[in-house]
Structures are given as structure tokens and as C-alpha cells.
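For reference, the structure discussed in these notes is given below.
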Amino acid sequence: MSCSAEPLDRVFLQIGSFPIYWYGVIIAAGAFLGLLLANRESSRIGMKKDIMVDLVVFAIPIAIISARIYYVIFEWDQYAGGSWTDIVAIWEGGIAIHGALIGAVLTAIVYARVKNESFWQLADIAAPSLILAQAIGRWGNFMNQEAHGGPISSAAYESFHQYLPDFIMNQMCIDGVMYHPTFLYESVWNILVFALLLLLRRFNPLRGEIFLSYAIMYSIGRFFIEDMRTDSLYVFGDLRQAQVISIVIILVALILIIYRRRTSQVRYLDIMREQSLSKKAKSAAAKNKKKKKK
0 MSCSAEPLDR
10 VFLQIGSFPI
20 YWYGVIIAAG
30 AFLGLLLANR
40 ESSRIGMKKD
50 IMVDLVVFAI
60 PIAIISARIY
70 YVIFEWDQYA
80 GGSWTDIVAI
90 WEGGIAIHGA
100 LIGAVLTAIV
110 YARVKNESFW
120 QLADIAAPSL
130 ILAQAIGRWG
140 NFMNQEAHGG
150 PISSAAYESF
160 HQYLPDFIMN
170 QMCIDGVMYH
180 PTFLYESVWN
190 ILVFALLLLL
200 RRFNPLRGEI
210 FLSYAIMYSI
220 GRFFIEDMRT
230 DSLYVFGDLR
240 QAQVISIVII
250 LVALILIIYR
260 RRTSQVRYLD
270 IMREQSLSKK
280 AKSAAAKNKK
290 KKKK
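Letter 150 of the sequence shown, counting from 1, is numbered 149 in numbering that gives the first Met the number 0, and no numbers are missing.
This is the structure we're talking about:
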């Protein structure tokens, strides 16, 4: 479908010759809100103070680096033979969410061991924050006019897309052609997953199941939405990398859920019960000590 509209300005703020782009601002806002949510939840259930803040300090830079490495690996033909500066020029675009997740998970595993904490506990706390940050971050793609689908037919526009806000559809008008706002589809799906994870948390599931449910639900949405996109990374031929990874993640997560249900009975909120018992034990010990002194 043909169209005519001016794109929104990608620059949020210009400081001299240095531009600050909406993409970075939106990504940072998503990460900040996610951190606030995770920090609040960790405090609520009695984790050590600032444990999530300390984790994020390490996880974010490593996630960005791994996201870039992941992208470059699958787009190596684009960088082979070029300057090494092109590989590190992340400001020119080119990161992959699956690469970021791999880096973040590996960082959390190491961090949990160093801090003597449960990785699954940390992952469960972080899961709603991750999907919320992803939902917000997709609007950075919107500002860049990327992560969109193929052209919209006139019939599809008349039946559905005409009811979407004009500012969204105008931004999807690229070089005179209207494209599917797949960034929006994924953002809405991620918000739904976020709500479901918060609901699941209220049922006090086995430790690890909130994070593994996040992995499954996000991957289901990503699998179907990826099929609509025009900027996918490919494994070979027409096989889309994100769809293959999504299937692998779903299978691994299901296997881990089954395995953990057979081998562990520790639940998400057990840390609160353990702390309550510890406080009672300390209180009883203090009382006994006073009696002995008398």
C-alpha cells in the first residue's frame, strides 16, 4: 500500500555536534524501569539490599557486548574484509536480543555463584523486568523505522490498521510504502507476557518457573512475529535464526521445568519463610540467653 508521511525525528537531544537518539533514551528508560521493578521485588521478598542493582551493573554492559557479537557472527559477510572499527560500531545499529539474553544469563549464573545466591531466584525476580524492558525497547525500533514487517495490503489496512493511531502508521510509511508495525505486535505481546508473569508470581510457583515461563512465552510470540519481519538474521537459506533459537529455548525450558519439578520442591517465596524461621530461631536463642543470665 502506498503512503506519504514524514518520519519522526530520531534525535531526542542535540548537544553541540553530539546527538542523543530516541533509540538509546527509550532502551535506557526500559532498563531503568525494569531495574526499579526488580529491586522493589527483591526487597519485598527479603533478598540482600541492592543485589539486583549490583547484578545489573555487570549484566548490562556484558549483554550489550554479547548482543553485538551475536549479530556480527550471523552477519559476518557484511563485516568480513572490512575494518575492525565497523565491528565495534554499535552506534550504527546491529544488536540481537537473543545475544543480549545469553550474555545476561551467563552473567547472572557467575554472579549468583560469587554471591552465594540462587540463580533461579535471581532469574525469577528479573523475568518480569526483562520482558517489560523488551516491550518498552521495541519503541526504540519504532523511532528508527526498523524491525517492521512486509508491506501492508489495502485490504489489511482497511480491516485493521486504519484503527491504529496515526502517529504509528505514519512512522511505518517508509519510502512511500506502508509496512506492518511488527515492533508494535511484539511490544503488545510482551506486555501480555509481563501481566501473566506477575499473575504467576502470586501463585508462588516452584523456583525457576517464572523465568522459564518467560522464556517460553516470549519465544512463542517471537517465533510467529519473526515470520513477518523483513530484517531477520538467517542461519542458512530461508531458515530464520530467531525462529530456530525460539524453538530451542522452548524445548530446553520445558525440559528444565519437568526436571526441576522432579528434583526440587523449593518455591519462589520460600526465602521469606526461611527468613521468618531464622528470625524466630534468633529470637528464641536471645530469650534463652536472657533466662540463663537470670
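Beta carbons: idealized from backbone N, C-alpha and C, even for Gly. In this text the structure is predicted, and so the values were computed from the model without any measurement.
query: Pull up the CB-CB distance for Phe222 and Ile257, whole angstroms please, since I reckon it's below 8 angstroms.; result: The pair is not a contact, with the Cβ atoms about 21 angstroms apart (cut-off 8 angstroms).
query: Is the region 104 to 117 close to the region 44 to 60, with three or more CB pairs under 8 angstroms?; result: yes
query: Taking buried to mean at least 16 other C-beta atoms within 10 Å of its own C-beta, is Pro180 buried or exposed?; result: buried
query: Whether or not the region 125 to 142 and the region 28 to 45 are in contact is what I'm after, with contact meaning three or more pairs of Cβ atoms, one per stretch, closer than 8 angstroms; do they touch?; result: yes
query: Would Ser65 and Gly102 be called neighbours here (beta carbons separated by less than 7 angstroms)?; result: yes
query: Taking the beta carbon of Gly236 as the centre, do at least 16 other beta carbons fall within 10 Å, making it buried, or is it exposed?; result: exposed
query: With respect to the alpha helix (DSSP H) encompassing Gln120, which residues constitute its N-terminal and C-terminal limits?; result: 118 to 143
query: Would you give the residue range spanned by the beta strand (DSSP E) that Val10 belongs to?; result: 10 to 14
query: Do Ile61 and Ile270 have their C-beta atoms closer together than 7 angstroms?; result: no
query: Where does Ser41 land, buried or exposed, given buried means 16+ other C-beta within 10 angstroms?; result: buried
query: Report the residue from Ile96, His147, Glu145 whose alpha carbon sits nearest the alpha carbon of Ile244.; result: Ile96
query: Are three or more beta carbon pairs between the region 168 to 175 and the region 4 to 14 nearer than 8 angstroms?; result: yes
query: For Val192, does the count of other Cβ atoms within 10 angstroms reach 16, so buried, or fall short, so exposed?; result: buried
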